[in-house]
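Residue numbers (the working numbering): 4 to 215.
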DNA sequence: CGTTCGATGCACT
DNA sequence: GTGCATCGAACGT
């Protein structure tokens, strides 16, 4: 359908890649079916000097993909239960990546619901891919997808020519260090964000509430 | 409305 | 043995 982003797209400064990934479409064509969503929230992690980047303590077995060629997926498990997916950026040797934090579901909604059903009741569309752990669950992304080529056939990001969203930047979420860097980039006001951006809240939860 | 807290596995020291 | 780039249920106000 769209144009799959080539490795050269990722071989650039991480903040620029992060900005341009918002509005692109992440697709997982799995044996169980295809699921896809527009990227609405990302975070940049760049270099050993970034204290929140997994490369902050130098090269290890886990963070090895960060040092590898751009355009591969870096998937890891955190808190024992959640898979988080990144796109590796910058030229090979420079450890950096963009974390995908939220999607607006576009295709494969029933499949997403099935995959997320294990963790709860029937979810509204807005909750399916809200948060980095939730979206990997909905798309069926696990450690099996670590190091896969994001320009490949099964897991890829494509440009469908969707209108570029208005962007809003804020500090990264959940990090204990490096919170001063405003490296979280969101589609402003999008209802699928993991958390609203400061000063840019989504529509009110009770639009026309009559106060009891 | 807000905050706390338990689940759970992998890689690291 | 420790520490997470989280999630959501269970509380308290």
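By construction, the Cβ of each residue, glycine as well, lies at the ideal position given by its N, Cα and C atoms.
Taking contact to mean 3 or more Cβ pairs, one atom from each stretch, closer than 8 Å, check whether the region 33-42 and the region 56-67 are in contact.
no
For residue 114, which residues of its own chain have a beta-carbon under 7 Å away from its beta-carbon, when the five flanking residues on both sides are left out?
Walking along the first chain from the start, residue 114 turns up at place 111. Taken in chain order, the residues that qualify are 35, 36, 38.
Is it buried or exposed for residue 45, if we count other Cβ within 10 angstroms and need 16 for buried?
Here residue 45 corresponds to residue number 42 of the first chain, with the count starting at 1. With 16 or more other Cβ atoms within 10 Å, it is buried.
Residue 161 and residue 7: beta carbons closer than 7 Å?
Here residue 161 refers to the residue found at position 158 of the first chain. Here residue 7 refers to the residue found at position 4 of the first chain. Yes, Cβ-Cβ distance for residue 161 and residue 7 is below 7 Å.
Counting only runs of 4+ residues fully inside the region 89-129, write out the alpha helix (DSSP H) ranges in chain order.
112-120
Report the partner residues of residue 133 according to the DSSP bridge assignment.
Taking the first residue of the first chain as position 1, residue 133 is located at position 130. Residue 133 pairs with 105.
Within the continuous alpha helix (DSSP H) that includes residue 12, where are the two ends?
Numbered from 1 along the first chain, position 9 holds the residue referred to as residue 12. Residues 10-13.
Using the C-alpha atoms, what's the distance from residue 120 back to residue 17?
Taking the first chain and counting its residues from 1, one reaches residue 17 at position 14. Taking the first chain and counting its residues from 1, one reaches residue 120 at position 117. Approximately 34 Å between the Cα atoms of the pair.
C-beta atoms of residue 73 and residue 10 nearer than 7 Å:
Position 70 of the first chain, counting from 1, holds the residue named residue 73. Position 7 of the first chain, counting from 1, holds the residue named residue 10. Their beta carbons are under 7 Å apart, which means residue 73 touches residue 10 by this criterion.
Is it the case that the region 62-70 contacts the region 181-195, given that we only count it when at least three CB pairs across the two stretches are under 8 Å?
no
For residue 70, three-class secondary structure by DSSP
Position 67 of the first chain holds residue 70. Residue state, collapsed to three classes: helix.
Can you tell me whether residue 148 is buried or exposed? The criterion is at least 16 other CB atoms within 10 Å of its CB, across all chains shown.
Counted from its first residue, the first chain places residue 148 at position 145. Buried, since its Cβ has 16 or more Cβ neighbours within 10 Å.
Measure the C-alpha to C-alpha separation of residue 104 and residue 134 and round it to an integer number of angstroms.
In the first chain, the residue the question calls residue 104 occupies position 101. In the first chain, the residue the question calls residue 134 occupies position 131. When rounded, the distance between both Cα atoms is 5 Å.
Quick check on residue 136: buried or exposed, where buried means 16 or more other Cβ atoms within 10 Å of its Cβ?
Taking the first chain and counting its residues from 1, one reaches residue 136 at position 133. Looking at its Cβ environment, which holds 16 or more other Cβ atoms inside 10 Å, residue 136 is buried.
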